[in-house]
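Inspection log for the structure reproduced underneath, given as structure tokens.
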Amino acid sequence: MIDLYNIDFSQISLCEIMIKIMADIRDDFSEEKTMNICKEKIQEALLFIPNKLTEKKKIEKLLFLFYKIWKFGSSVAVYKLSDMIWLDKVILSNQGSSFSLGIILIYIASHLNILITPIIFPTQLILKFKNPEKKFFYIDPINGDIINKHTLKIWLKGNISPSAELTNNYLQDSQPLTVTQKILDILKVALLEEKSIELALNVSNILLRLKPKDPYEIRDRGLIFSQLNCYHIAISDLLYFIEKCPEDPISDIIKMQIHSIEQKKITFH
5 MIDLYNIDFS QISLCEIMIK IMADIRDDFS EEKTMNICKE KIQEALLFIP
55 NKLTEKKKIE KLLFLFYKIW KFGSSVAVYK LSDMIWLDKV ILSNQGSSFS
105 LGIILIYIAS HLNILITPII FPTQLILKFK NPEKKFFYID PINGDIINKH
155 TLKIWLKGNI SPSAELTNNY LQDSQPLTVT QKILDILKVA LLEEKSIELA
205 LNVSNILLRL KPKDPYEIRD RGLIFSQLNC YHIAISDLLY FIEKCPEDPI
255 SDIIKMQIHS IEQKKITFH
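Mapped onto the working numbering, the consecutive letters of the sequence shown carry residue numbers 5 to 273.
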């Protein structure tokens with residue numbers, strides 16, 4: 005089990021971290037096989053992209069390789085959202101979400117000495133690249149397109165509000181640990197929708213290792229436990245949330261949920 009408290013992201017990549025975490029979540033996730041496929045991709049990229057090229061030419065060729073030759077991208081044909089997040093499935097199917105595709109692309113780029121950084125934008129993950137002239141370029145990891153600020157403004161207004169402004173705060177690099185938590189949050193929601201409750205609980209427990217005693221994560225774990233008929237633990241978690249967040253509007257809903265669980269508990273016994 006990976007030690008989430010002592011991760012040195014200068015020594016291990018975000019992609020490698022997520023592969024290790026996913027191997028903790030799913031018993032049938034092969035960390036070794038997934039890493040080997042990633043290493044094969046890196047070797048292919050090193051042969052395709054000469055080191056003597058400028059950084060700008062390198063990234064152009066990398067995007068061509070990744071999206072046109074390897075054909076990484078998104079697919080509407082995927083029936084499970086989690087399949088777009090599990091890195092072992094993404095690396096085999098070449099189909100993923102902005103987050104899974106983004107961290108794989110960052111990983112391969114790093115072995116070509118290309119620095120690409122992640123940004124959690126309100127709509128999705130985007131990637132940032134700075135050319136030698138110190139100009140920033142933004143990449144859509146879904147298709148490799150370069151995104152201009154006008155497009156980002158439209159995304160922001162459509163996602164937040166028509167009056168939202170694209171400030172520099174939206175374009176700051178996201179820390180690897182923040183991206184890790186976001187991916188796990190998305191995976192947890194996907195698994196719950198797919199009724200993979202035990203796997204969702206595994207994700208929740210890992211999130212609680214990253215942010216212990218977080219009332220919102222404990223609330224979610226309580227709701228998961230209630231679906232597993234673990235009523236005593238579920239009530240304990242939900243009461244913790246109400247105690248820590250009494251002013252949160254959802255507390256009243258959680259109180260109703262506790263009442264419902266207590267009724268089930270009585271019926272069960």
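Even glycine gets a Cβ: it sits at the ideal position worked out from N, Cα and C. This structure is a prediction, so every number in the text was calculated from the model and none was measured.
| query | result |
| --- | --- |
| Where the alpha helix (DSSP H) through P122 begins and ends | Unbroken run through P122 is the beta strand (DSSP E), I120 to I124; no alpha helix (DSSP H). |
| I143, DSSP secondary structure in three states | strand |
| For P216, the nearest candidate out of L232, A194 and Y244 (CA to CA) | Y244 |
| M39 versus I23 - alpha carbon distance | 8 Å |
| Beta bridge counterpart(s) of L131 as assigned by DSSP | P122 and I143 |
| Supposed contact pair Y142 and C19 - C-beta distance, whole angstroms, cut 8 Å | C19 to Y142, Cβ: 20 Å. No contact. |
| Pick from E251, E247, A238 and L203 that is closest to Q261, judged by C-alpha positions | A238 |
| Which of helix, strand or coil DSSP assigns to I254 | coil |
| Strand pairing of G77, partner residues [DSSP] | Q99 |
| DSSP bridge partner residues for I151 (one or two, in chain order) | Y142 |
| For L191, the first and last residue of its enclosing alpha helix (DSSP H) | P180 to E197 |
| Nearest residue (CA-CA) to A183, options L129, S167 and L203 | With the sequence shown as reference, residue 183 is identified as Val, and Ala is not the correct amino acid for it. Checking every option, the nearest Cα to that of V183 belongs to L129. |
| Where N10 sits in the DSSP three-state scheme | helix |
| Exposure label - Q185; buried when at least 16 CB within 10 Å | buried |
| Cβ neighbours of F52 in the same chain (closer than 6 Å, five flanking residues each side left out) | L69 |
| Test item: CB-CB of S34 and D92 under 8 Å | yes |
| The region 137-153 touching the region 189-204, judged by at least three CB pairs closer than 8 Å | no |
| Simplified DSSP state of H236, which is helix, strand or coil | helix |
| C-beta contact flag for Q99 and G77 at 8 Å | yes |
| Rounded C-alpha distance that separates I257 from L96 | 42 Å |
| Per-residue burial, D12 [other beta carbons within 10 Å of its own, 16 or more giving buried] | exposed |
| Pairwise C-alpha distance: Q15 and K161 | 38 Å |
| Reference K62, options K84, L109 and I25, closest by Cα | L109 |
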